[in-house]
Amino acid sequence: MFVFWVMDAMAVRVIGIDEELNLNIDENTDLEDLNIVNYGTITGITVDPGVNITIQNYGEISGDINLLCNNESCAQVNQIITGVVDTDSGLNDMNLITGLSGHTVIVANQAAEISLADIIAAAGNAAQVVLTGPNVVVDVCAIGDHPGISLNPGAIAEFVGGTNINPETGETITSVSFSVYGVTENWDETKPFLTGIEDFANFAGATFNGVDSMFDPFAWHDGDSLYVTLKRQTNYGIVFENELGDWLDDLRIENPDDELLDALDAARTRAGLRGVLSRSVRTNPIKLMDPVRSFNTFVLGEHIHDLAFGIVAEPFYIYSSDFSVIGGGAGVSGRIAKNLVAKFGAYAGKMDYDSDLDNFSGMIYGANFGAMYKDSDLYARAIGTLSSTQFRDIEVFDGTRGVQNPNGISGAGAIDGGLVFRLFDEFDLIPFIGARFDYAHVLNFTDTDVNLRFGLNIDKETVVDGNRYAFGAGIVGQTNGEIYGAVYTDIMSVVDGVGGRLSFGILNDDFGMSYKISIDAKFAF
Numbered sequence: 008m009f010v011f012w013v014m015d016a017m018a019v020r021v022i023g024i025d026e027e028l029n030l031n032i033d034e035n036t037d038l039e040d041l042n043i044v045n046y047g048t049i050t051g052i053t054v055d056p057g058v059n060i061t062i063q064n065y066g067e068i069s070g071d072i073n074l075l076c077n078n079e080s081c082a083q084v085n086q087i088i089t090g091v092v093d094t095d096s097g098l099n100d101m102n103l104i105t106g107l108s109g110h111t112v113i114v115a116n117q118a119a120e121i122s123l124a125d126i127i128a129a130a131g132n133a134a135q136v137v138l139t140g141p142n143v144v145v146d147v148c149a150i151g152d153h154p155g156i157s158l159n160p161g162a163i164a165e166f167v168g169g170t171n172i173n174p175e176t177g178e179t180i181t182s183v184s185f186s187v188y189g190v191t192e193n194w195d196e197t198k199p200f201l202t203g204i205e206d207f208a209n210f211a212g213a214t215f216n217g218v219d220s221m222f223d224p225f226a227w228h229d230g231d232s233l234y235v236t237l238k239r240q241t242n243y244g245i246v247f248e249n250e251l252g253d254w255l256d257d258l259r260i261e262n263p264d265d266e267l268l269d270a271l272d273a274a275r276t277r278a279g280l281r282g283v284l285s286r287s288v289r290t291n292p293i294k295l296m297d298p299v300r301s302f303n304t305f306v307l308g309e310h311i312h313d314l315a316f317g318i319v320a321e322p323f324y325i326y327s328s329d330f331s332v333i334g335g336g337a338g339v340s341g342r343i344a345k346n347l348v349a350k351f352g353a354y355a356g357k358m359d360y361d362s363d364l365d366n367f368s369g370m371i372y373g374a375n376f377g378a379m380y381k382d383s384d385l386y387a388r389a390i391g392t393l394s395s396t397q398f399r400d401i402e403v404f405d406g407t408r409g410v411q412n413p414n415g416i417s418g419a420g421a422i423d424g425g426l427v428f429r430l431f432d433e434f435d436l437i438p439f440i441g442a443r444f445d446y447a448h449v450l451n452f453t454d455t456d457v458n459l460r461f462g463l464n465i466d467k468e469t470v471v472d473g474n475r476y477a478f479g480a481g482i483v484g485q486t487n488g489e490i491y492g493a494v495y496t497d498i499m500s501v502v503d504g505v506g507g508r509l510s511f512g513i514l515n516d517d518f519g520m521s522y523k524i525s526i527d528a529k530f531a532f
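So the sequence shown is numbered by my numbering: it starts at 8 and just counts up by one.
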């Protein structure tokens with residue numbers, strides 16, 4: 008092992024080391040012009056106060072490293088990194104000086120791009136990193152490991168050096184440009200994107216490599232801080248690079264203030280874009296059928312409990328925060344045997360839909376049918392509906408192009424069975440279980456759903472002064488989370504054969520709360 012003393016640096020400007028030694032440099036050494044290029048192994052370094060050295064380390068430096076201080080000054084060490092492989096030795100200078108801290112790392116004269124992650128790995132516990140060349144790729148994987156460098160907590164990015172225009176002054180400035188892989192809700196453009204990197208002004212040739220196409224990034228520096236503005240790209244042909252993006256751009260030409268475009272433009276992440284698209288009816292045409300399926304739930308939830316056989320006319324109104332249906336139906340219903348009630352009818356309704364993303368209207372045409380058996384012990388019911396919906400005032404994206412005002416088909420059915428508990432004076436408590444099937448189809452999209460269901464009905468019949476009355480309530484829940492409830496009252500004149508029903512239903516599903524009110528008029532045969 009050698010102990011290497013440097014007494015006068017003026018005679019020796021560059022010292023090459025290719026053996027193993029311990030380096031001790033005293034305060035008499037003028038090191039302003041001294042560069043140490045290490046190809047071997049240095050097992051220790053001691054530098055006296057006021058002494059400055061520059062080290063380019065192709066080899067290994069370890070052991071005790073002492074940078075001494077007195078009342079006037081401290082020893083200083085600069086480490087040079089180029090990332091260039093030495094042609095003679097085949098070695099690279101991207102090497103950690105183990106045990107060294109508080110020094111400055113200068114990245115200079117590099118011939119090819121090198122990663123900040125590799126620079127920081129070689130810098131170790133350096134107090135400062137100075138970038139003096141144009142080919143540093145700054146990647147975030149190691150930034151958090153360095154005490155002098157910090158990244159905006161909302162950023163997930165990679166960036167390289169370059170020149171831009173200061174948007175406030177119009178002055179051409181040199182800065183660091185970058186590749187954005189994502190930003191989070193914590194992103195704050197008023198804060199530096201990166202701090203602790205010196206000499207941004209020495210960068211040249213801005214390039215944006217791999218920038219997420221939903222952003223147009225712009226970067227500029229102020230001292231040792233890099234600031235970045237992320238301008239949202241609203242040309243969705245560029246963002247998505249597919250037919251959907253082209254369709255959205257055409258939509259902007261037709262209606263620049265469209266609610267769907269406003270929501271997409273406000274999204275700051277790819278996940279945010281996907282969330283908006285998944286909620287929109289226009290980019291998910293099968294969702295056109297959602298209000299129709301809610302309408303079907305009201306149909307399936309209707310009590311089949313008619314007091315006499317005859318013709319029924321029913322106006323109805325359904326409303327929720329997003330949609331409404333107003334219409335009417337007609338049919339025949341009543342007792343066809345002692346314990347058996349049946350119903351068959353047709354209906355039509357005008358639907359209006361208005362959400363924060365979409366609005367449209369449509370006409371629903373359909374038929375419903377059902378039967379109920381009930382004696383003093385058993386209860387069974389089957390009910391179904393089929394409908395066709397003609398949508399209006401909407402264009403949807405079918406996966407390749409826009410389609411105006413498509414038609415949809417839906418069907419739903421339920422079978423229930425339970426027990427009858429007669430408590431007193433024809434007051435019946437009926438718990439039941441069953442299953443429901445749903446079908447929806449629009450354009451080339453089809454969706455089916457099967458759910459178990461369970462519920463409770465309460466029925467009461469009585470005759471007063473020649474009039475027959477029925478009162479009831481019911482609630483049913485499904486395994487998909489839907490809950491439906493209803494109350495009704497019937498009256499029928501035994502003598503005149505004229506009667507009616509007033510009913511009110513409430514549904515909690517994906518639309519939140521929806522309500523139905525209907526008034527039946529009935530004429531018995």
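We put the CB at the ideal spot given by N, CA and C, even for glycine.
Just so it is clear, the structure is predicted and the values come from calculations on it, not from any experiment.
Hey, could you find the ends of the beta strand (DSSP E) T48 is sitting in? T48 to V54
Within the chosen definition, does the stretch 383-401 reach the stretch 413-425 through at least 3 CB pairs nearer than 8 Å? The stretch 383-401 and the stretch 413-425 touch, with no fewer than 3 CB-CB distances between them shorter than 8 Å.
For A447, the nearest candidate out of D456, L251 and G279 (CA to CA): D456
So, I498 versus G492, is the Cβ gap smaller than 7 Å? no
What's the C-alpha gap between C81 and A128? Cα to Cα, C81 sits roughly 25 Å from A128.
Out of curiosity, what's the CA-to-CA distance linking I318 and A337? 7 Å
Return the CA-CA distance between I104 and N78, expressed in angstroms with no decimal places. So the two alpha carbons sit approximately 27 Å from each other.
At 3 residues or longer, what runs of the beta strand (DSSP E) sit wholly inside the stretch 329-372? 330-344 and 347-361
Start-to-end residues for the alpha helix (DSSP H) that takes in A477: That residue, A477, is in no alpha helix (DSSP H); its beta strand (DSSP E) goes N474 to Q485.
Give me whichever residues DSSP pairs with S327 in a beta bridge. S521
Residues of its chain near E250, where Cβ-Cβ distance is below 6 Å and the 5 sequence neighbours each way are ignored: T407
Here's the rule I'm using: 16 or more other beta-carbon atoms within 10 Å means buried, otherwise exposed. How should N73 be labelled? exposed
How would you write the range of the beta strand (DSSP E) that V246 sits in, first residue to last? Premise fails: V246 lies in the alpha helix (DSSP H), Y243 to F247, not in any beta strand (DSSP E).
Do L295 and V288 have their C-beta atoms within less than 7 Å of each other? yes
Where does A349 land, buried or exposed, given buried means 16+ other C-beta within 10 angstroms? buried
Considering only DSSP beta bridges, list what P438 is partnered with. L463
On a Cα-Cα basis, can you pick out the residue from V449, G369 and V471 that is closest to V502? Cα-wise, what sits closest to V502 is V471.
Close Cβ partners of D405 (< 7 Å) along its chain, the five nearest in sequence each way excluded: P292, L450 and N451
Where does the unbroken beta strand (DSSP E) through G415 begin, and where does it stop? N414 to L426
Considering only the alpha carbon of each residue, which of V483, L509, N515 and D516 lies closest to I524? Distances from the alpha-carbon of I524 to those of V483, L509, N515 and D516 put L509 closest.
Per DSSP, which one or two residues make a beta bridge with G377? K350 and I390
Within 10 angstroms of its Cβ, does L426 collect 16 or more other Cβ (buried), or is it exposed? Using a 10 angstroms sphere on the CB of L426, the tally of other CB atoms stays under 16, which defines it as exposed.
Helix, strand or coil: which one does DSSP assign to S69? Of the three classes helix, strand and coil, the one that applies to S69 here is strand, per DSSP.
Compare the beta carbon distance of A528 and A320 with 7 Å and say whether it is the shorter of the two. yes
Can you list, in chain order, the residues of its chain with a C-beta nearer than 7 Å to that of N346? Leave out the 5 residues immediately preceding and following it. Y380, K381 and D382
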